[in-house]
Amino acid sequence: MANGQWYPPEWPDRIRALADGSLTPVAPKRAATVMLLKDTDTGPSVHMLRRRTSMAFAGGAYAYPGGGVDPRDEQQIRWAGPTRAWWARRLGLEEAAAQAIVCAAVRETYEEAGVLLAGPTDDSVVGDTTGEDWEADRAALVARDLSFAEFLDRRGLALRSDLLGAWTRWITPEFEPRRYDTWFFVAALPEGQRTRNASTEADRTVWIRPTDAAASYDKGDLLMMPPTIATLRQLTPYDSAAQTLTAAPDRDLTPVLARARLGEDGEIVLAWPGHDEFTKHIPTGGTSS
Numbered sequence: 087m088a089n090g091q092w093y094p095p096e097w098p099d100r101i102r103a104l105a106d107g108s109l110t111p112v113a114p115k116r117a118a119t120v121m122l123l124k125d126t127d128t129g130p131s132v133h134m135l136r137r138r139t140s141m142a143f144a145g146g147a148y149a150y151p152g153g154g155v156d157p158r159d160e161q162q163i164r165w166a167g168p169t170r171a172w173w174a175r176r177l178g179l180e181e182a183a184a185q186a187i188v189c190a191a192v193r194e195t196y197e198e199a200g201v202l203l204a205g206p207t208d209d210s211v212v213g214d215t216t217g218e219d220w221e222a223d224r225a226a227l228v229a230r231d232l233s234f235a236e237f238l239d240r241r242g243l244a245l246r247s248d249l250l251g252a253w254t255r256w257i258t259p260e261f262e263p264r265r266y267d268t269w270f271f272v273a274a275l276p277e278g279q280r281t282r283n284a285s286t287e288a289d290r291t292v293w294i295r296p297t298d299a300a301a302s303y304d305k306g307d308l309l310m311m312p313p314t315i316a317t318l319r320q321l322t323p324y325d326s327a328a329q330t331l332t333a334a335p336d337r338d339l340t341p342v343l344a345r346a347r348l349g350e351d352g353e354i355v356l357a358w359p360g361h362d363e364f365t366k367h368i369p370t371g372g373t374s375s
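So the mapping is simple: the numbering used here equals the position in the sequence shown, first residue as 1, plus 86.
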């Protein structure tokens with residue numbers, strides 16, 4: 087680990103295998119994650135969870151609520167805010183795929199943080215979602231016993247796509263055994279709702295200012311993967327959640343994908359385009375520096 091940055095020890099061998107053709111990249115799965123914001127007296131804070139140290143992937147790393155697309159996220163649902171066609175243009179996808187990404191973002195935020203970006207009308211949002219009946223539905227969603235479309239229909243709710251702002255897109259490097267094509271969104275914590283650690287994959291959650299989280303990462307106190315710290319740094323210029331959401335439509339969604347090349351001496355140079363702080367030089371048989 088350099089600073090608070092997480093690098094799996096198997097990366098060098100996998101990168102070399104990819105370079106010599108003995109490793110075939112797996113296709114990335116579609117995913118979505120949400121940077122949930124709330125305003126405080128000292129500026130906006132973002133909701134983060136720490137993955138359990140026992141997790142095979144990024145154990146102990148801080149991240150945001152999120153996860154993979156459920157194929158049923160493409161089902162017909164009650165929809166509020168910009169149209170599916172608008173989201174298709176914004177995300178660069180077909181309409182069904184764009185809906186699935188937005189739906190996954192809202193669903194995963196509810197599953198992992200207990201926050202629901204939906205309401206009974208196109209301009210309202212549900213309030214407290216911590217009752218036992220809500221928890222039963224949330225657990226059914228996590229278990230995939232209930233689709234998000236069925237959940238919304240049962241409760242007479244519309245997904246509020248206007249409460250989300252598409253922020254950036256990262257694709258897991260080709261040498262990783264588990265790959266995700268992940269869209270990052272920003273959203274403000276709805277009035278009357280509160281977060282809780284509802285994820286079985288997390289052992290704690292925090293509300294933290296992006297500047298403080300980035301400083302803790304730089305000191306090595308908080309462990310994060312490149313997309314997490316990169317997005318935290320991107321949030322620091324904004325003075326409120328609303329200001330961040332206003333900036334979202336102008337954000338470039340060209341995917342960030344790490345590239346690895348082999349030098350003449352066998353050294354691996356690993357780089358994320360546009361993010362020089364993550365560039366790593368891995369000597370032959372050595373560890374990254």
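All C-beta atoms, glycine included, are put in the ideal place defined by N, C-alpha and C.
Quick caveat, the model's predicted, so the values are computed rather than measured.
Please classify residue i as buried or exposed, where buried requires at least 16 neighbouring CB atoms within 10 angstroms.
i    : result
P296 : buried
A118 : buried
H133 : buried
T126 : exposed
S108 : exposed
W358 : buried
E180 : exposed
M87  : With a pLDDT of only 46 at M87, under 50, the local geometry of the prediction cannot be trusted, and the value read off the model is given with reservation. M87 should be labelled exposed.
Q162 : exposed
V201 : buried
R204 : It should be pointed out that residue 204 corresponds to Ala in this sequence rather than to Arg. Buried is the call here.
S375 : In this prediction, S375 has a pLDDT of 47, which is less than 50 and means its spatial position is unreliable; what the coordinates show is noted afterwards. It counts as exposed.
R264 : exposed
What span of residues does the alpha helix (DSSP H) with residue i cover, start to end?
i    : result
V188 : 181-199
A118 : Not the alpha helix (DSSP H): A118 falls in the beta strand (DSSP E), residues 115-126.
F234 : 234-241
A301 : 296-304
L275 : Premise fails: L275 is in no alpha helix (DSSP H) and is neither H nor E.
Give me the DSSP bridge partner(s) of residue i.
i    : result
W253 : According to DSSP, which records beta bridges pairwise, W253 is partnered with nothing at all.
R290 : R136
V155 : Bridge partners of V155: none, in fact.
D267 : R116, I257
G130 : In the sequence under discussion, the amino acid at residue 130 is Pro, which differs from the Gly named in the question. DSSP lists D125 as partners of P130.
I354 : L348, I368
One question on the structure: do residue i and residue j come within less than 8 Å of each other, judged by their Cβ atoms?
i    : j    : result
R136 : G146 : yes
L238 : L249 : no
S247 : G178 : no
V155 : E197 : no
Would you say residue i faces chain C, with C-beta separation under 8 Å as the test?
i   : result
E96 : Among the chains of the structure shown, chain C does not appear; only one protein chain is present.
Taking the beta strand (DSSP E) that residue i belongs to, which residues open and close that run?
i    : result
R347 : 345-348
T365 : 361-368
L203 : Premise fails: L203 is in no beta strand (DSSP E) and is neither H nor E.
L245 : 244-246
If distances are taken between C-alpha atoms only, which option among the options comes closest to residue i?
i    : options                : result
T195 : V211, L308, D127, A273 : A273
L343 : T332, D336, L356, P335 : L356
C189 : A235, A103, I257       : A235
K376 : A346, L331, H361, R345 : Because the chain is modelled from 87 through 375, residue 376 falls outside the range shown and cannot be assessed.
Y150 : T215, F271, R224       : F271
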